[in-house]
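Positions 1249 to 1690 (our numbering) are the ones given, in order, by the sequence shown.
Idealized CB from N, CA, C, for every residue including glycine.
Keep in mind it's a predicted model, so treat the numbers as computed, not measured.
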Amino acid sequence: MATDAGDPIPRFPDGFLWGVSTSAHQIEGAADARERSVWDVFTAEPGRVKDGSTAAVACDHYHRYPEDVALLAGLGVGAYRFSVSWPRVNSPGGLDFYDRLVDELCAAGVRPVPTLFHWDLPVSLQEAGGWLARDTAARFADHVSVVAERLGDRVPKWITLNEPAEHTLLGHALGAHAPGRRLLFDALPVAHHQLLAHGLAVRALRAAGAGDIGIANSHGPTWPASEEPADLEAAGFYDVLLNRLFAEPVILGEYPDGMGELMPGHDVSADLKVIAEPVDWYGINYYAPTRVGAPGGTDSEYGGLALPAELPFSVREIEGRPTTDFGWPVVPEALTELLTGFRDRYGDRLPPIVITENGCSYEGLDDQDRIAYLDGHLRALHTALTAGVDVRGYFVWSLMDNFEWAEGYARRFGLVHVDYTTLERTPKASYHWFRDVLRNQG
């Protein structure tokens, strides 16, 4: 999938926000300077992480953040999306780190965009029930208030949660991520409580005087394996479960048909009013579409993920497409399809959109495949803009190689290479390419 320099990326609107993303557990390290999280427990269990690694050191961003902010400044991005570790905030002096980071970003002219939860729940809350417990949503609102009070004078843009769908599915339904629960559809309360936490967080941020608030949900088109009724039905269910279940409570204030009755609590309608607190924009993390068919009757594997036979769908390979080192298909035009589909489905109820993650895993410093991937997706994004979709920003995942959850250090998503022995940072070809794209955007 190597690429040669082609035509310049089309011009995006003035004021379009360009950025890169990371998350705390994946890059910070300094595990001894914070409370333990569910990921510390998970990675300590043999067999949970493919290479047996942990994020105790990761990229050591906690100590090396000035160097990383200098890389951001050199790249020329307008914003940096990072996450605030809830376990670190709970620890003495933990917020001091984010104070220093935000000050460094502001001094470099890079807008700080914190995500307030990116999967690293404190162990103390997990022991009290975790996201299966409604009280965790209230505790999250308390956490948000503490962070907003400390950083709100310098943070112009906020994200409540990252990918509650993945945290529900991988962490609680299939057991592939922390906290390693395998509850299948009994994990649905986790979805509801995270969405409730989002709404409470929006209220907490507004009460603290914060504005420009969004959520980062993961989405992708669902393609049926065929036009056979069984495949269409399975694909429709998958689309509800992974897309509409997490979008519609936020955007429309309602669950898709049949899902609200499965949620916990005596008054889901009252919760939905909280979940639907107006946001200023809606964040979408996009990587690839998913081809879905009727269940195959046996356990299967897709993209390194074990899928049990009892699921009412099966995930099929998308043939005829290049794949990333992670095995994910590269389909840029599906981003256009996703965005125009959101516009058509939700109409004027849809807030402005920000692409809060988009990226790929490839090895090597001369990462021409990553350049081709990003080039194609930026063009697809511009096509959606031209078609009238209101998109306000785009964040690459990720600034640097990092701890890739259950994959450990085997997958490299960064524009910057990290040597995990020396922790030396080396900008890749894609870093220099993206820097030039931003310069050409003016």
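Taking a C-beta distance under 8 Å as the contact criterion, residue 1540 and residue 1483 qualify as a contact pair.
The Cβ-Cβ distance between residue 1385 and residue 1445 falls below 8 Å.
Listed as beta-bridge partners of residue 1532 by DSSP are 1465, 1603. When the beta-carbon positions are compared, residue 1512 and residue 1412 stay at least 8 Å from each other.
The Cβ atoms of residue 1641 and residue 1367 lie no closer than 8 Å to each other.
Residue environment: residue 1688 is assigned as exposed (fewer than 16 neighbouring CB atoms within 10 Å of its CB, all protein chains considered). Cβ neighbours of residue 1606 within its own chain (closer than 6 Å, five residues either side excluded): 1534, 1625.
Shown here for residue 1542: same chain residues with a beta carbon closer than 6 Å to its own, the five before and five after excluded, namely 1478, 1479, 1482 in chain order. Per DSSP, the unbroken beta strand (DSSP E) holding residue 1409 starts and ends at 1406-1410. Judged by their CB atoms, residue 1427 and residue 1374 are nearer to each other than the 8 Å cut-off.
Just measuring C-alpha positions, the residue of 1469, 1287, 1337 sitting nearest residue 1581 is 1469. For residue 1561, there is no enclosing beta strand (DSSP E), as DSSP gives it neither H nor E. Residue 1362: not part of any alpha helix (DSSP H); member of the beta strand (DSSP E) spanning 1359-1365, first to last residue.
Burial is judged here by how many other beta carbons sit within 10 angstroms of a residue's own beta carbon; residue 1362 has at least 16 and is buried. Boundaries of the beta strand (DSSP E) around residue 1642: 1639-1645. For residue 1557, the closest of 1399, 1545, 1365, 1296 by C-alpha to C-alpha distance is 1545. In the three-state reduction of the DSSP assignment, residue 1400 falls in the coil class, being assigned neither a helical nor a strand state.
The beta carbon of residue 1656 is closer than 6 Å to those of 1297, 1298, 1299, 1301 in its chain, skipping five residues each way along the sequence.
The shortest C-alpha to C-alpha distance from residue 1663 to any of 1674, 1440, 1332, 1536 is the one to 1674. At a Cβ-Cβ threshold of 8 Å, residue 1538 and residue 1463 do not count as neighbours. Assigned with DSSP and collapsed to three states, residue 1501 falls in coil, not helix or strand. Residue environment: residue 1643 is assigned as buried (16 or more neighbouring CB atoms within 10 Å of its CB, all protein chains considered). When the alpha-carbon of residue 1443 is set against those of 1271, 1649, 1633, 1521, the nearest one is in 1521.
Secondary structure of residue 1346 (DSSP, three-state): helix. Counting only residues of its own chain and dropping the five nearest sequence neighbours on each side, residue 1525 has a CB closer than 7 Å to the CB of 1447, 1450, 1451. Residue 1493 places its beta carbon less than 8 Å from that of residue 1503. The beta carbon of residue 1471 sits closer than 6 Å to those of 1537, 1539, all from its chain and outside the five residues before and after it, given in chain order. A straight line joining the alpha-carbon of residue 1507 with that of residue 1441 spans about 14 Å. Judged by beta-carbon spacing, residue 1598 lies beyond the 8 Å limit of residue 1461, meaning their Cβ atoms are not closer than that value. The alpha carbon of residue 1637 has as its nearest neighbour, out of 1667, 1600, 1293, 1417, the alpha carbon of 1600. Sequence-distant Cβ neighbours of residue 1387 in its own chain, meaning closer than 7 Å and more than five residues away, are 1373. Across the structure, residue 1278 and residue 1349 are spaced so that their CA atoms are roughly 15 Å apart. Around the Cβ of residue 1620, a 10 Å sphere holds 16 or more other Cβ atoms; the residue is buried. Selection 1591, 1592, 1431 evaluated against residue 1416 yields 1431 as nearest (Cα-Cα).
If you draw a straight line from the Cα of residue 1654 to the Cα of residue 1423, it comes to about 11 Å.
Within the same chain, and ignoring the five residues on either side of residue 1383 in sequence, the residues whose Cβ sits closer than 8 Å to its Cβ are 1376, 1377.
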